[in-house]
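Numbering (our numbering), first residue to last: 1 to 67.
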Amino acid sequence: MIHPRFNIDHYKHLLVRSVMRRQDGDLVLEAVLDAACKGQTQFDLQEWERLLRGLDNSDLTVGEIVT
């Protein structure tokens, strides 16, 4: 759940790969993961690792992922 005062617009310029290094519970990281999962809530281990690897190596910005 995203905090009501949280504004993703302030973070849209960041590279996704840099956001992936943030700690669990970080609101920007959660927004990126939510967008990347596209509503899917269950993953097998290979799918999850593939998703995370793709984000870790991504040249996209947060704005390109979440919008």
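Glycine is no exception: its CB is placed at the ideal position from the N, C-alpha and C atoms.
Worksheet entry | Sequence ranges, alpha helix (DSSP H) only - wholly within the segment 19 to 58, length at least 4 | 27 to 37, 45 to 56
Practice prompt. With a 10 Å radius around its C-beta and 16 neighbouring C-beta atoms as the bar for buried, classify L15 as buried or exposed.
Written response: Within the sequence shown, residue 15 is the residue found at index 15, counting from 1. If you draw a 10 Å sphere on the C-beta of L15, you find fewer than 16 other C-beta atoms in it, and that means exposed.
Item to complete: Find the nearest neighbour of G25 within the set H10, F6, E64, judged by alpha-carbon distance.
Response: In the sequence shown, counting from the first residue as 1, residue 25 sits at position 25. If we check each option's Cα against that of G25, F6 comes out closest.
Practice prompt. Under 7 Å Cβ to Cβ from K12, same chain only, skipping five residues before and after it: list those, please.
Written response: For the purposes of this step, residue 12 is taken as residue 12 along the sequence shown, with counting starting at 1. The answer, listed in chain order, is T61, V62, G63.
Worksheet entry | For I8, the first and last residue of its enclosing alpha helix (DSSP H) | Here residue 8 refers to the residue found at position 8 when the sequence shown is read from its first residue. Note, I8: premise wrong, no alpha helix (DSSP H); not H, not E.
Item to complete: Just grab the DSSP bridge partners of L15 for me.
Response: In the sequence shown, counting from the first residue as 1, residue 15 sits at position 15. Paired residue(s): T61.
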